[in-house]
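J.:
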Amino acid sequence: MFHIAIATAVLAAGSALAQGQSALPPLPSMIGPLSFSPQCQQAVIGVATQGALAQCFPFADLFPLLSTNTFIIPFLDKFQTDLCYNYPTCSQATLTAAAQTVAQGCAEDLKKDGIAAQTIIDIFSAYPIVREVLCLKTTDPYTAKSYGGFLGAPPIPIVGNPIYNSTDGTFCLTSVATQLSAYFGTQLTVPYLAGLVSGQNSTALALATSINPNIVCNTCFFAALEIVDLIIPAVGNTPVAAVIQFFMAMVPKSLGATTINQLFDWTCAYKPLSLVLDGKLPNGVSVSIVNSSYPIPISNGQPLPVNCQAKREEVSLFGRKRA
Ligand SMILES: *[C@@H]1O[C@H](CO)[C@@H](O)[C@H](O)[C@H]1NC(C)=O
Ligand SMILES: *[C@@H]1O[C@H](CO)[C@@H](O)[C@H](O)[C@H]1NC(C)=O
Ligand SMILES: *[C@@H]1O[C@H](CO)[C@@H](O)[C@H](O)[C@H]1NC(C)=O
């Protein structure tokens, strides 16, 4: 999952930097612990706004998020619609060329931050996996009645809402992000997330750290982990402690050597949900995509029986009700 996390950060950074070019907000020279020299910014802006990669990866759909304090989920949904159905698939040659442009333009910065140029190549090469995960759809999206109605209505409901693409269901990311917006009791915006991640919003941080681990007991998360594991088995075999350490210094002792795959299986045995790496997605989940470049055939889950939605979720998703 490191690759995915890093890829997301880089793509977000790319969007942020590209946004800077249109001269609305000042160009960020630092994102988190990473700093960007002017040459590096130029390389990232170039890749995100011009050339072959910008033709196959809809960065432009994300730019508005960075200049406006707006609810991110509709923009992400549009981005996924373009990525999954409307833009051509990026070729390996395009990905490699873009990675080389960034690695060259950012050579000094990478050296300073101790990141190997190969890491940049690896991140761009994760495109088929990232796209496959972003194109997961569920026919059981979050509603105010999900999880026994415990979390309540989100700021923007999904079902029947024409701002969200409904072909083959709802994007998994749209569903999960909507659920989180109900949990946090607010519209998720870039400034809100920045306040959460930086710890400046202590209320939000307290809510985030009290999320029950059984949030992962959702077929969307199982499908995403399967897609990643099938190509990079090391991800599922990573000890959870190592992942947490990557973000925070303190690791609960109880986690010991538990791997990500084990955490999913143990946490969700009550449903029951278990991880089976056979290329078949859980029921109700599908990959909805045109011209996938993911190298393993994936078969979609069976349709869900009608009317089981309300019954299926009796255990509350989160440890405690939001304040
Ligand atoms: C998918 O691939 C076919 C065959 O290469 C091509 O004709 C079509 O335009 C592609 N569609 C998209 C959305 O990339
Ligand atoms: C979803 O996206 C597909 C491909 O762009 C499009 O054909 C379809 O009309 C969209 N559906 C909705 C409800 O937006
Ligand atoms: C901090 O987080 C809480 C809980 O989600 C939210 O209600 C509040 O608006 C946030 N404050 C700021 C300044 O974003």
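For the sequence shown, the positions run -18 to -1, 1 to 305 when mature numbering (1 follows the signal peptide of the UniProt record, and there is no 0) is used.
Built from N, CA and C at the ideal position, the CB exists for glycine as well.
Just so we're clear, the structure is a prediction, and the values are computed from it rather than from any experiment.
Between V84, T76 and P56, which lies nearest to I27 when the distance is taken from Cα to Cα?
T.: In the sequence shown, counting from the first residue as 1, residue 27 sits at position 45. Checked all of V84, T76 and P56; the closest Cα to I27 is V84.
J.: Is any heavy atom of ligand 3 found at a distance shorter than 7 Å from the C-beta of A30?
T.: By 1-based counting over the sequence shown, the position of residue 30 is 48. No, since every heavy atom of ligand 3 falls outside the 7 Å radius drawn around the Cβ of A30.
J.: To the nearest angstrom, how far is the alpha carbon of A75 from that of V225?
T.: The count along the sequence shown starts at 1 and reaches residue 75 at position 93. The count along the sequence shown starts at 1 and reaches residue 225 at position 243. Roughly 31 Å separates the two Cα atoms.
J.: Taking the Cβ atom as the reference point for each residue, do T241 and P254 lie within a distance shorter than 8 Å?
T.: The count along the sequence shown starts at 1 and reaches residue 241 at position 259. The count along the sequence shown starts at 1 and reaches residue 254 at position 272. The answer is no: Cβ separation not under 8 Å.
J.: Can you name, in chain order, every residue of its own chain whose Cβ lies under 6 Å from the Cβ of T125, other than the five neighbours on each side?
T.: Translated into the one-based positions of the sequence shown, residue 125 becomes position 143. Result list for T125: V141, in chain order.
J.: Kindly list the residues whose CB is nearer than 6 Å to the CB of V288, restricted to its own chain and excluding five residues on each side of it in sequence; keep chain order.
T.: Working through the sequence shown from its first residue, we reach residue 288 at position 306. Nothing meets the Cβ criterion.
J.: Hey, out of I111, G167 and F45, whose CA is closest to I214's CA?
T.: In the sequence shown, counting from the first residue as 1, residue 214 sits at position 232. It is I111 whose Cα lies nearest to the Cα of I214.
J.: So for S73, helix, strand or coil by DSSP?
T.: Here residue 73 corresponds to residue number 91 of the sequence shown, with the count starting at 1. Three-state result, S73: coil.
J.: Does the Cβ-Cβ distance between K119 and D150 come in under 8 Å?
T.: Walking along the sequence shown from the start, residue 119 turns up at place 137. Walking along the sequence shown from the start, residue 150 turns up at place 168. Closer than 8 Å, so yes.
J.: Assign G181 to one of two classes, buried (16 or more other C-beta atoms within 10 Å of its C-beta) or exposed (fewer than that).
T.: Here residue 181 is taken as the residue at index 199 of the sequence shown, counted from 1. G181 is exposed by the Cβ-count criterion.
J.: By the three-class DSSP mapping on this structure, what secondary structure does L118 have?
T.: Numbered from its first residue, the sequence shown carries residue 118 at position 136. Here L118 sits in strand by DSSP.
J.: Flag this pair as yes or no: are the beta carbons of G87 and A25 separated by less than 8 Å?
T.: In the sequence shown, counting from the first residue as 1, residue 87 sits at position 105. In the sequence shown, counting from the first residue as 1, residue 25 sits at position 43. Against a cut-off of 8 Å, the Cβ pair of A25 and G87 comes out as a contact.
J.: Just grab the DSSP bridge partners of S281 for me.
T.: The sequence position of residue 281 within the sequence shown is 299, counting from 1. For S281, which the question treats as bridged, DSSP gives the partners K262.
J.: According to DSSP, simplified to helix, strand and coil, what is P7?
T.: Taking the sequence shown and counting its residues from 1, the one referred to as residue 7 is at position 25. Per-residue confidence for P7 stands at a pLDDT of 39, beneath the threshold of 50, marking its modelled position as unreliable; no derived number is given.
J.: At a threshold of 7 Å, does S148 count as lining ligand 2 (C-beta to nearest heavy atom)?
T.: As a first step, residue 148 must be located in the sequence shown, where it is residue number 166. Yes, the Cβ of S148 comes within 7 Å of a heavy atom of ligand 2.
J.: I want to check one thing, is the minimum distance from the CB of V272 to the heavy atoms of ligand 1 below 7 Å?
T.: Numbered from 1 along the sequence shown, position 290 holds the residue referred to as residue 272. Yes; taking the cut-off as 7 Å, the Cβ of V272 has a heavy atom of ligand 1 nearer than that.
J.: Compare the beta carbon distance of L175 and A159 with 8 Å and say whether it is the shorter of the two.
T.: The residue given as residue 175 occupies position 193 in the sequence shown. The residue given as residue 159 occupies position 177 in the sequence shown. For L175 and A159, no; Cβs fall outside 8 Å.
J.: Classify A164: buried if its beta carbon has 16 or more other beta carbons within 10 angstroms, exposed otherwise.
T.: What you label residue 164 is simply residue 182 of the sequence shown in a count that begins at 1. Per the 10 Å Cβ criterion, buried.
J.: Does the Cβ of T63 have 16 or more other Cβ atoms within 10 Å, making it buried, or fewer, making it exposed?
T.: By 1-based counting over the sequence shown, the position of residue 63 is 81. So T63 ends up on the buried side.
J.: Quick check: does the Cβ of T191 come within less than 7 Å of any heavy atom belonging to ligand 3?
T.: Position 209 of the sequence shown holds residue 191. No, Cβ of T191 sits at least 7 Å from all heavy atoms of ligand 3.
J.: To test your reading of the DSSP string, which unbroken alpha helix (DSSP H) runs of 4 or more residues are found completely within the stretch 78 to 103?
T.: Runs found: 89 to 95.
J.: At a cut-off of 7 Å, would you count Y174 as near ligand 3, judging by its Cβ distance to the nearest heavy atom?
T.: For the purposes of this step, residue 174 is taken as residue 192 along the sequence shown, with counting starting at 1. Y174: yes, Cβ under 7 Å from ligand 3.
J.: Using 10 angstroms around the beta-carbon of E208, count the other beta-carbons present and answer buried if the total reaches 16, otherwise exposed.
T.: Along the sequence shown, read from residue 1 onward, the residue named residue 208 stands at position 226. E208 is buried by the Cβ-count criterion.
J.: Whole-angstrom Cβ separation of A81 and I103, contact assumed at under 8 Å?
T.: Position 99 of the sequence shown, counted from the start, is the residue given in the question as residue 81. Position 121 of the sequence shown, counted from the start, is the residue given in the question as residue 103. 5 Å between Cβ atoms; contact.
J.: Please classify A239: is it buried, with 16 or more other beta-carbons within 10 angstroms of its beta-carbon, or exposed?
T.: Counted from its first residue, the sequence shown places residue 239 at position 257. A239 comes out exposed.
J.: Assuming contact is defined by CB atoms lying nearer than 8 Å, are L155 and L116 in contact in what I supplied?
T.: Looking up residue 155 in the sequence shown gives position 173. Looking up residue 116 in the sequence shown gives position 134. Closer than 8 Å, so yes.
J.: Would you report the Cα separation of Y271 and A89, rounded to the nearest angstrom?
T.: Here residue 271 refers to the residue found at position 289 when the sequence shown is read from its first residue. Here residue 89 refers to the residue found at position 107 when the sequence shown is read from its first residue. Per the sequence shown, residue 271 should be read as Ile rather than Tyr. One C-alpha to the other measures close to 35 Å.
J.: Which class does L286 belong to by DSSP, given the choice of helix, strand or coil?
T.: As a working mapping, residue 286 is identified with position 304 in the sequence shown. It is coil, neither helix nor strand.
J.: Among S268, V210 and V172, which residue has its Cα nearest to the Cα of T50?
T.: As a position in the sequence shown, residue 50 is number 68, starting the count at 1. Per the Cα distances, V172.
J.: Report the three-state DSSP secondary structure of P139 (helix, strand or coil).
T.: Here the question's residue 139 lines up with position 157 in the sequence shown. Coil.
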